[in-house]
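Residue numbers (the working numbering), protein chains in the order written: chain A, 350 to 530; chain B, 305 to 344.
See below:
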């Protein structure tokens with residue numbers, strides 16, 4: 350796995366605080382990473398650990414779910430097309446897309462919790478100040494929520510498909526207690 | 305924008321990671337052997 354840092358240019362095309370990862374690569378946004386690094390190393394360690402944790406998501410489960418969805422979609426759409434024509438197909442397709450969105454958003458939130466939990470364990474075992482990391486994340490979440498509340502038109506990806514900050518902090522604290530016990 | 309397009313676009317703006325940040329990353333990775341699911 351490699352890390353790359355993004356240059357500052359054109360970052361407006363993406364989320365303002367961008368930590369993006371694909372299967373093997375973690376991309377970190379240059380200015381933001383440097384900003385956290387100057388404030389708190391443990392805070393940056395947590396953010397990086399969170400992205401590492403995502404790369405360890407249960408890929409096999411996702412593949413199985415993807416296959417199940419694919420076959421169910423094919424079967425139902427073909428059945429509706431033969432039984433009710435194009436209108437039936439359209440209704441079935443929309444209903445399936447709606448269900449998929451519901452399931453995937455629930456899964457996405459669960460994945461975030463899992464990543465937070467693992468990130469705290471990684472930060473703790475790597476010897477960083479876990480308390481400081483949690484405190485920094487608490488400040489970060491409250492800042493994000495404040496920004497979103499002030500600027501209604503603008504929403505961070507963080508607040509769209511991630512669990513609420515307060516719930517994430519509670520989970521982090523719980524994991525920290527487990528690490529210490 | 306699809307996942308692939310995003311990554312392609314992102315790669316245009318890559319600069320080398322400062323060693324101090326890479327060091328933190330490596331330190332964290334060292335705690336997690338490849339393929340390990342032990343934390344789950």
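Here a beta-carbon is modelled for each residue, glycine too, at the ideal position from N, C-alpha and C.
Quantities reported herein were computed from a predicted structural model and do not represent experimental measurements.
Problem set entry | Reduced DSSP secondary structure (H/G/I, E/B, other) of residue 424 (chain A) | helix
Exercise. Taking three-plus beta-carbon pairs below 8 Å as touching, is the region 384-403 of chain A in contact with the region 481-488 of chain A?
Worked result: yes
For this session: Kindly give me the distance between the Cβ atoms of residue 441 (chain A) and residue 429 (chain A), rounded to whole angstroms, as I take these residues to be in contact under 8 Å.
Result: 4 Å
Problem set entry | Whole-angstrom distance between residue 313 (chain B) and residue 498 (chain A), CA atom to CA atom | 30 Å
Problem set entry | Nearest-angstrom Cβ-Cβ length linking residue 467 (chain A) and residue 335 (chain B), presumed shorter than 8 Å | Not confirmed; about 10 Å, so no contact.
Exercise. Going along chain A, which residues have a C-beta under 7 Å from residue 335 (chain B)?
Worked result: 471, 474, 475
Exercise. So, is residue 519 (chain A) buried or exposed, given that buried needs 16 or more other C-beta atoms within 10 angstroms?
Worked result: exposed
Exercise. Alpha carbon to alpha carbon, how far is residue 491 (chain A) from residue 514 (chain A)?
Worked result: 7 Å
For this session: Quick one: using the 10 Å Cβ neighbour count with 16 as the cut-off for buried, is residue 451 (chain A) buried or exposed?
Result: exposed
Exercise. Helix, strand or coil: how does DSSP classify residue 482 (chain A) here?
Worked result: helix
For this session: Can you give me the Cβ contacts of residue 386 (chain A) inside the same chain, cut-off strictly under 7 Å, excluding the 5 residues immediately before and after it?
Result: 393
Exercise. Buried or exposed: where does residue 319 (chain B) fall if 16 or more other Cβ atoms within 10 Å of its Cβ makes it buried?
Worked result: exposed
For this session: Quick one: list the residues of chain B neighbouring residue 401 (chain A), beta-carbon separation under 7 Å, in chain order.
Result: 332, 333, 336
For this session: Output the distance between the C-alpha atoms of residue 526 (chain A) and residue 463 (chain A), rounded to the nearest integer angstrom.
Result: 16 Å
Exercise. For chain B, is any of its Cβ atoms less than 8 Å away from the one on residue 365 (chain A)?
Worked result: Annotation note: pLDDT 45 at residue 365 (chain A) (below 50); position unreliable, coordinate value reported separately. Answer no: the Cβ-Cβ gap between residue 365 (chain A) and chain B never drops below 8 Å.
For this session: Under 8 Å Cβ to Cβ from residue 316 (chain B), same chain only, skipping five residues before and after it: list those, please.
Result: none
Exercise. How would you label residue 517 (chain A), buried or exposed, when you count the other beta carbons within 10 angstroms and need 16 or more for buried?
Worked result: buried
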